[in-house]
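S.K.: This structure is in structure tokens; I'll ask about it shortly.
Number of protein chains: 2
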Amino acid sequence: MTKSISANAFPAHEHDHTVCIADALDSAEQHCVAHQLRFTPLRRQVLEIVWSRHAPIGAYEILDELRNESRAAAPPTVYRALEFLVDHGFVHKIESLNAFVGCDRPDSEHVGQFLICGSCHQVGELDDPEIAKLIAKKAKTVGFDVSHQTIEVRGVCSNCAGENHA
Amino acid sequence: MTKSISANAFPAHEHDHTVCIADALDSAEQHCVAHQLRFTPLRRQVLEIVWSRHAPIGAYEILDELRNESRAAAPPTVYRALEFLVDHGFVHKIESLNAFVGCDRPDSEHVGQFLICGSCHQVGELDDPEIAKLIAKKAKTVGFDVSHQTIEVRGVCSNCAGENHA
DNA sequence: ATCCGTAATGTAATATTATAACATAAAATG
DNA sequence: CATTTTATGTTATAATATTACATTACGGAT
């Protein structure tokens, strides 16, 4: 069975963040061991900060958190850690927000399709091959050969839609 | 017949820019008249600059052009004109580039799907309802109600793919 | 035509996001 | 343990975008 939505997509608002953060860090660590990547303290720390927010976080917010955790840091510190995390699929950049979210599926070569809730500001991640294929196919009809897709969708998640019943 | 790709998508590299720029300005002007929008000299000038590039152009590049054309200008001048142009569909923002491209179809309520050529840096615009519908449908399966889609695709356009024959 | 209210633009300052360049430190490799 | 590479520290600056407030131009009422 292929999951078409990430495990971290719009968890119930009350869910236990500590567990999913720990899972994500473990998963990243395992992936790094398996692929001979250096999961340094800084990279782990940045990934933990990203996950802790559980919503898109800006580079300078990460920087503030690092400093709160009494780590000497400047912008390049953060951007370099993010570059590593993005390159290896532990984090995605949301272009339309200039912000970053954690991804718990570093292994799959997925094209993230992001669902950005305008109410709770959390981001769910679809990884639907049908969407990717349709786009590639349509582009091909005009002779365009696709190498990468950026898909970011605004709207309202189910948790938030359900909360207006008052 | 519904066109699924914009007239401005990847014209031959030798095409006559002056004509498409003039067409776009005329089209924008007509739209503004019809909708009681003020197509001021500044807005026209910015739109013309955007179209002249015929590829994504940054706000500060527009600013430089304005100044070249001996118009007093500061960043807000540009960003406000762009806001108007984007709001009314004369220009789209390419989020992944922090840059802007002209659109020649202000009327249609289209969700632009942008094809960004990594070689010539031009941008084609698909406006394919199937893609939009599929995304909305897939999002719905996880309870997400879509209001806006940002779709930006990297790759190589047909003109550029054909140019490597040496 | 003149006044008035609104919308657009001018202007100065500053916020936010991101990178360049070079120095230092830590780790992997032979 | 010496060497090479990779990662991080540090300073400065580039690139993108907005806030706040002053001024001007426009559109509608009289």
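First to last, the protein sequences are chains A and B. Take the first sequence: its letters are residues 1 to 166, numbered as in the working numbering. Take the second sequence: its letters are residues 167 to 332, numbered as in the working numbering. We treat Cβ as the ideally placed atom computed from N, Cα and C, and that holds for glycine.
With respect to the alpha helix (DSSP H) encompassing Gln196(B), which residues constitute its N-terminal and C-terminal limits?
M.R.: His183 to His201 is the span of the alpha helix (DSSP H), which, as asked, contains Gln196(B).
S.K.: With distances taken Cα to Cα, identify the nearest neighbour of Pro41(A) among Asp64(A), Glu69(A) and Ala132(A).
M.R.: Of Asp64(A), Glu69(A) and Ala132(A), the residue nearest in Cα terms is Glu69(A).
S.K.: Give the residues of chain A in contact with Asp294(B), contact being defined as C-beta atoms less than 8 Å apart.
M.R.: Within 8 Å Cβ-Cβ: Lys138.
S.K.: Shortest alpha-carbon distance to Gly143(A) belongs to which of His181(B), Asp270(B), Gly321(B) and Arg271(B)?
M.R.: When only C-alpha atoms are compared, the closest one is Gly321(B).
S.K.: Under a CB-based cut-off of 7 Å, is Asp104(A) close to chain B?
M.R.: No, Asp104(A) does not count as interfacial toward chain B.
S.K.: If we cut at 7 Å on Cβ distances, does Met1(A) have a partner in chain B?
M.R.: With a pLDDT of 41 at Met1(A), under the threshold of 50, the modelled position of this residue cannot be trusted; read the value that follows with caution. No, Met1(A) does not count as interfacial toward chain B.
S.K.: Sort out for me which residues DSSP pairs Gln149(A) with in a bridge.
M.R.: DSSP output for Gln149(A) lists Val319(B) as bridge partner(s).
S.K.: Asp311(B) versus chain A: which residues are under 7 Å apart at the beta carbon?
M.R.: By Cβ distance, chain A contributes Gly155, Val156 and Ala161.
S.K.: At which residue ranges does the stretch 198-256 of chain B contain complete alpha helix (DSSP H) runs of 4 or more residues, listed in the order of the chain?
M.R.: The stretch 198-256 of chain B contains these whole alpha helix (DSSP H) runs: 207-219, 225-234 and 241-253.
S.K.: Whose C-beta lies closer than 8 Å to the C-beta of Ala305(B) among residues of the same chain, with five residues either side of it excluded?
M.R.: The residues are Asp311 and Val312.
S.K.: Going by DSSP, name the residue or residues bridged to Phe10(A).
M.R.: Paired residues: none, contrary to the question.
S.K.: Nearest to Gln113(A) by alpha carbon, out of Ile94(A), Leu126(A) and Thr77(A)?
M.R.: The candidate whose alpha carbon is nearest that of Gln113(A) is Leu126(A).
S.K.: Around the Cβ of Met1(A), are there at least 16 other Cβ atoms within 10 angstroms (buried) or fewer (exposed)?
M.R.: Model confidence at Met1(A) stands at a pLDDT of 41, short of 50, so the residue's coordinates are unreliable and nothing is read from them.
S.K.: If the cut-off is 9 Å on Cβ atoms, which residues from the stretch 231-249 of chain B count as contacting chain A, listed in chain order?
M.R.: Correct list: empty, as no residue qualifies.
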